[in-house]
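Per the working numbering, the sequence shown runs over residues 7 to 167.
Glycine included, each C-beta is placed from N, C-alpha and C at the ideal position.
Quick notes on the structure that follows.
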Amino acid sequence: MSIYEISVTKATGEEYPLSEYKGKPMLIVNTATKCGLSDQFDSLEHLYKEYKDEGLVVLGFPSGQFLQELSSAEEAEEACRMSYGVTFPMHDLVNVNGKNAHPLFRYLTANSKGFLSSSIKWNFTKFLIDQDGNLVGRYAPKDKPESFEKDVKNVLANAKA
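As structure tokens, then:
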């Protein structure tokens, strides 16, 4: 299965396939507006603004699975826009673990390498996907986006090559 075969739903309720982003690197993040790590929205937005013209797409997926999210996708999206100035696409509330995990997060965890990669441990786990749909990096919740910006730059450079 390819990541491009997976469909996701925007906070507005519009469903679309990730194949819309074929040829563009993606940074996929499970988010939570009430999490102590929510200051990462600022860094994620900075990355998005800095590199979107080069093709980078940041995709936020709020999850209430760790009990730190508002009750609806619309509320979560509004909080992200109003409190953090987020302009990157936000999506419907999803489960990231367990039998009801969204297919995207089942795919991401199944394709992550290393010990303890079979589940999402906390909010703000981040996945870097290259322009060909390959998972090239998984970053822990406490890894601030600026700590792996060089990986984003490398993926963007390879996308141009």
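Minimum C-alpha distance to residue i - residue among the options
i, options, result
"G29", "T115, D138, P147", "D138"
"K16", "E56, A163, V64", "V64"
"S49", "S8, L33, D59", "L33"
"K175", "D136, S8, K156", "No answer is possible for residue 175: it lies beyond the span of the chain, which begins at 7 and ends at 167."
"A107", "S124, D149, M96", "S124"
"E11", "E26, T18, E20", "E26"
"Q46", "N129, L162, N160, S118", "N129"
Within 7 Å, strictly: CB atoms of residue i and residue j
i, j, result
"T131", "P147", "yes"
"R144", "F154", "no"
"V100", "S69", "yes"
"P31", "L53", "no"
"N160", "I126", "no"
"L141", "E60", "no"
For residue i, the three-state DSSP class (helix, strand or coil)
i, result
"P68", "strand"
"P31", "coil"
"L134", "strand"
"T15", "strand"
"L141", "strand"
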